[in-house]
Structure formats: C-alpha cells, structure tokens
Amino acid sequence: MRDNSRMAVEPTLRSWEEHFAARTRGGAGEGLLEILALAGAQDVISLAGGFPDPATFPGPALADILRELAESGDASPFQYSPTGGLPGPRDYVAGRLEAVDGRRPDEGELMLTSGAVEALELVGKALLDSGDRVLVEGPTYLGAIMAFQSFEAAVEAVPLDEDGLAVDELDRRLAHGPPPKLLYTIPDFQNPAGVSLSAERRLVLLELARRHGLLVVEDVAYRELSFADELPPSLWSLAPDVVLQAGTFSKTFFPGVRLGWAAGPRELVSKLVWAKQNTDQCAGALGQRLLEEYGRRGLLDEQLDRARALYGARRDAMADALERHVGARAAWIRPEGGFFAWLELGEGADAAAVARRALEAGVAVVPGPPFFPAAGGERHLRLSFSRADEGQIEEGIRRLGALL
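Numbers in my numbering are just positions in the sequence shown, counted from 1, shifted up by 5.
Have a look at this one:
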C-alpha cells in the first residue's frame with residue numbers, strides 16, 4: 006500500500022489579495038511608495054525621513070548602566086513588564102512631564118507605550134468604530150492617518166497656517182455633520198509643516214473641545230526639541246479633562262528602545278491599557294529601566310542640550326540654503342524646533358514629479374500628498390534637516406533649487 010503521507014505537496018502560485026481585509030487595500034500610489042522606499046538609499050542626500058542623528062544617541066554611559074542592571078541580581082529588567090509600565094519608569098516619566106509641562110499625572114493617568122504611534126493605535130482600538138469621524142490637521146503625520154484609517158474611521162483634514170490649526174475652520178466643522186470622536190493635533194513644531202499652535206489658539210481649541218465634548222489627542226513628539234528658551238503650555242497641562250497626550254522618546258533618547266507614553270483622563274488611559282494587553286502586552290522592560298536610569302542621572306537632559314544645538318545649526322543651514330538656492334520659487338516658514346521644513350511650490354507645480362526628478366539628481370525629499378487623508382499637498386515638499394549634515398544640506402538644496 007502506497008504511503009501518501011510522504012508525498013511532496015506541489016507549491017501553487019496564487020494571489021493572496023482576496024484574503025486581505027478591506028482596510029488594507031488602496032493607499033499611496035506606486036510612484037510615491039517608490040520615492041519613500043528610495044529615500045533611505047545610501048547613494049543619495051536624504052532630506053526625507055524624520056530620523057534622529059546617531060550623533061545624539063547615548064554613548065558608553067548606557068553600556069555602563071546595562072552592565073549594572075545585569076549584575077544587580079534584579080531580574081525585572083529582563084522579564085515581562087506590567088502592561089501600563091514598570092512603577093519606577095512610570096514615576097520617572099511622570100516627574101519629567103511635571104518638569105516640562107508643569108503638571109504631574111495622577112495615579113492611573115499615565116501609561117508607557119511602545120512609541121507614540123502605538124499610543125495612536127491604542128486610541129483607535131479603544132475608541133473608533135467603522136465610519137467614526139476623526140479630525141486631523143492638514144497636513145499631518147502620515148502614521149496617524151494610517152493608524153486611524155486602519156480602524157476604518159472617516160479621517161478629515163482641517164487646514165493649518167503659520168499659527169497652527171485653523172480654529173475658526175474647526176469651529177465650523179464641529180457645527181456640521183456627525184460629532185467627531187477625536188481631533189488629532191501636533192501643536193509643537195508640527196510634522197510635516199514645522200509650525201506651532203499659537204498660545205491664543207490653544208485656548209480657543211480647548212474651549213471648543215469642552216463645548217463639543219471633543220477628545221483632543223496631542224502628539225508631543227518634538228516638544229522638547231525647541232530651539233527657543235520658552236515653550237507655550239501643552240494642551241494636556243491646560244485641559245487634562247479633554248486631552249490625551251501621546252509622546253515618544255524616539256527623538257530624544259533613541260528609537261531602538263521604542264518607548265513612549267500616553268497621559269490623560271484615568272478612564273481613558275485604563276481603556277488604552279486594556280487595548281494594549283491584546284496588542285503587544287507591554288513595552289520592553291529593559292528599555293524602560295535603561296531610560297529611567299539614564300534620565301535620573303541627568304544624562305538625558307545633557308543629550309537633549311546637544312541635540313538642540315545640532316538640529317538648530319542644521320535648521321539654520323537649511324534656511325540659509327533655501328534663501329540662496331530656492332528664493333521666490335517656493336514659500337516656507339522657518340521652524341523654531343523639530344526636524345522639518347515644509348515647502349509650498351508655485352502654481353501648477355507637481356510635487357511628486359519634482360521629488361522623482363530630485364531623486365534622479367541624488368536628493369531624496371518627500372512630496373506632500375501622503376500627509377493628507379484625501380486630496381492635498383500636490384504643491385508641497387517636506388524637507389528634513391535632522392539627519393543630513395550642513396554640507397549635505399547645502400548641496401541637496403542647491404540641486405533642488407536647480408530643478409525648481
């Protein structure tokens with residue numbers, strides 16, 4: 006009798022597309038995906054990705070801390086963490102928020118996440134049903150658009166100007182249509198536009214949120230990367246009853262640990278902790294303890310001082326190069342912090358075509374459309390000054406100016 010159990014199974018060529026969930030279909034066109042994929046190529050000057058410069062990363066002091074943790078006999082850094090975060094690191098982050106924002110979250114108002122983008126994903130998992138209306142800035146962080154659309158939300162952009170979110174237009178949007186579940190905003194050194202929400206508009210935004218029962222999700226990824234001495238108050242510190250703050254240490258500590266936080270109303274944070282149990286269970290305990298020890302020794306503040314000086318000098322180099330090589334062929338706002346400059350090209354310009362030509366000339370930039378949930382950004386380019394040095398910035402902008 007033949008033993009069929011040992012017969013080889015012939016591979017079948019097939020398409021798996023019919024198995025994909027509807028929310029995964031569509032998205033950016035192949036041309037844009039190609040530009041984004043090539044932005045990290047080694048043979049181009051990259052003004053594309055919002056990556057921190059490795060020169061700002063921790064040095065040998067972190068190796069010393071790791072050795073101390075390994076030799077301490079305490080197994081907790083190498084074990085699973087409570088879903089909301091280890092007590093010591095949570096206490097450190099709470100104290101840091103108090104120092105930066107002037108308010109310390111109460112017990113139950115803070116959790117640690119695997120980066121800010123996970124906080125946004127948890128917001129979507131906990132709050133959004135299919136068809137729910139979500140307001141974002143236009144333009145805004147692509148990862149936020151993807152996070153909310155992955156839960157089949159109807160994501161709608163409210164425009165920006167040089168003072169941040171257009172609160173008058175927001176007021177009009179809130180008066181029409183179904184009530185939105187939330188508004189997502191980056192009030193400090195916005196990605197990609199580089200602008201900050203003015204102090205006056207912060208108060209108007211929060212008054213609107215309270216009047217309409219609107220949750221404001223405040224992304225503070227770049228808040229501590231200011232090139233000025235003073236910061237306006239965070240939205241969360243002004244209105245902790247209607248604001249959920251999402252933050253990350255990827256830009257300030259280093260992205261390899263994937264650490265962030267969510268701070269907000271206790272009931273909401275509790276639901277995010279519930280959602281995280283079924284996402285990744287916990288942020289890595291080792292990264293939490295490295296951050297805590299590094300921060301408590303004052304090393305994170307020293308690192309931030311160096312990072313602000315480095316990025317500020319590169320912002321200046323990009324602004325000067327834009328003045329010389331681009332001039333009146335595009336408009337932009339000089340950012341006062343963060344990683345990005347946002348160029349508006351002239352009438353009839355095609356940013357995606359410019360980005361392709363720039364890549365052929367050895368310069369990677371990102372065209373504007375991916376930063377909008379629907380139409381928008383066709384005449385805009387995002388330029389990052391975080392990773393390229395001053396010489397690369399000068400040459401990259403010179404090549405871009407020649408194209409324009």
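No residue lacks a Cβ here, since even glycine has one placed at the ideal position from N, Cα and C.
None of these values were measured; they are calculated from a predicted model.
- Membership of G289 in any beta strand (DSSP E) is not indicated, and neither H nor E is assigned to it by DSSP.
- With contacts defined as CB atoms closer than 8 Å, L309 and T253 fail to qualify as a contacting pair.
- For W337, no beta strand (DSSP E) run applies, since DSSP gives it neither H nor E.
- Just so you know, the alpha carbons of E114 and V359 end up roughly 46 Å apart.
- Pairing V139 with G303, the inter-Cα distance amounts to about 39 Å.
- By the beta-carbon neighbour count (other beta carbons within 10 angstroms, threshold 16), G292 is buried.
- Between the alpha carbons of W279 and L350 lies a distance of about 45 Å.
- The C-beta distance from E272 to L249 rounds to 11 Å, too long to meet the 8 Å contact threshold.
- 8 Å or more divides the Cβ of F153 from the Cβ of L170.
- The three-state reading of DSSP puts F376 in helix, counting H, G and I together.
- Going by DSSP, F345 is part of the beta strand (DSSP E) stretching over 345–350.
- W241 carries a helical assignment under DSSP once its states are collapsed to helix, strand and coil.
- At a Cβ-Cβ threshold of 8 Å, S20 and G120 do not count as neighbours.
- With contacts defined by Cβ atoms closer than 8 Å, F376 and M323 do not form a contacting pair.
- For R311, the CB contacts under 7 Å within the same chain, skipping 5 residues up- and downstream, are T61 in chain order.
- Bounds of the alpha helix (DSSP H) holding Q154 are 147–154.
- Using a 10 angstroms sphere on the CB of E365, the tally of other CB atoms stays under 16, which defines it as exposed.
- Look at T190 here: in three-state DSSP terms it is strand.
- For A53, there is no enclosing alpha helix (DSSP H), as DSSP marks it with neither H nor E.
- Here the alpha carbon of L305 sits roughly 24 Å from the alpha carbon of A80.
- Cα atoms of V105 and V225: separation of roughly 11 Å, rounded to the nearest angstrom.
- Taking a cut-off of 8 Å on C-beta distances, the region 186–198 touches the region 332–344, as three or more cross pairs fall below it.
- In the pairwise beta carbon analysis, the region 366–373 is classified as not touching the region 227–247: fewer than three pairs are separated by under 8 Å.
- L102 counts as buried, since at least 16 other C-beta atoms from the protein chains shown sit within 10 angstroms of its C-beta.
- For secondary structure counted as the beta strand (DSSP E) over 3 or more consecutive residues, the region 228–284 holds these complete runs in sequence order: 248–253, 265–268.
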